[in-house]
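Single-structure report; data block below.
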Amino acid sequence: MKRKSASTRGKDGANTILPVQVETNDLTPQQQSALVALLSCPTYAAASAKSGVSPATLWRYTQDETFARRLREARAVVVSQAVLRLQYAASDAVKALHDIVNSAETSGSVRVAAARVIIEQTFRAVELDDLRARINELEQFILKKQEEDALDRGRKTASNEEDEDD
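Each residue of the sequence shown is one higher than the one before, counting from 0 in numbering that gives the first Met the number 0.
If you want it as structure tokens, here you go:
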């Protein structure tokens, strides 16, 4: 496997490395460059310019089953990394809101707005946890019911076979 990485420039000007694994036997070097460019550029035109692949060829690549699958896999990795970074930053955001709410120097309206965000997000998180738990319970109930139904069908089939033997 050949490891390629794409870098993008964030709002703060820092480069962010996006690791992308590309198997060399699946994609040509030109396709690998196109894939990395598609992950790191905001538009097809920019990806075309960065990779040196024409827009028409870039589009054709995206229609290829193997290339499209590799692009989806690489995007999933990038999104997963972004979610991890957001989760990490969330604690800083909560601390910032907490500091605003508790700051005597902050205006009352800003403190109320920060408090409202904290309360709304807390309720939302609790609701999501409750829904997750209820969905789990329903899934377990459905699985149990399906198993019971399968056992009942098995018993009926066995009973019918015994009746036929008599």
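Quick reminder that beta carbons are idealized off the backbone N, C-alpha and C, glycines included.
Query: Start-to-end residues for the alpha helix (DSSP H) that takes in Leu-96; Result: 64 to 101
Query: Status (buried if at least 16 other CB within 10 Å, exposed otherwise) for Ser-39; Result: buried
Query: Closest residue to Pro-54 among Leu-34, Glu-104, Arg-68 and Val-125 (Cα-Cα distance); Result: Leu-34
Query: N- and C-terminal bounds of the alpha helix (DSSP H) containing Pro-28; Result: 28 to 39
Query: Exposure label - Leu-26; buried when at least 16 CB within 10 Å; Result: buried
Query: Range covered by the alpha helix (DSSP H) that runs through Ser-47; Result: 43 to 50
Query: Thr-121 (DSSP reduced to helix, strand or coil); Result: helix
Query: Contact between the region 96 to 106 and the region 114 to 122 (3+ Cβ pairs under 8 Å); Result: yes
Query: Other residues of its chain near Glu-104: CB distance less than 8 Å, five sequence neighbours each side excluded; Result: none
Query: Glu-104, DSSP secondary structure in three states; Result: coil
Query: Whole-angstrom C-beta distance between Leu-37 and Ala-46, which should lie under 8 Å; Result: 5 Å
Query: Selected residue, minimal CA-CA separation from Pro-28, among Gln-145, Arg-131 and Tyr-60; Result: Tyr-60
Query: Where Ser-53 sits in the DSSP three-state scheme; Result: coil
Query: Simplified DSSP assignment, three categories, for Asp-151; Result: helix
Query: Helix, strand or coil at Asn-24 according to DSSP, with G and I counted as helix; Result: coil
Query: Test: Val-76 CB closer than 8 Å to a CB of chain E; Result: Included in the structure is just one protein chain, with no chain E present.
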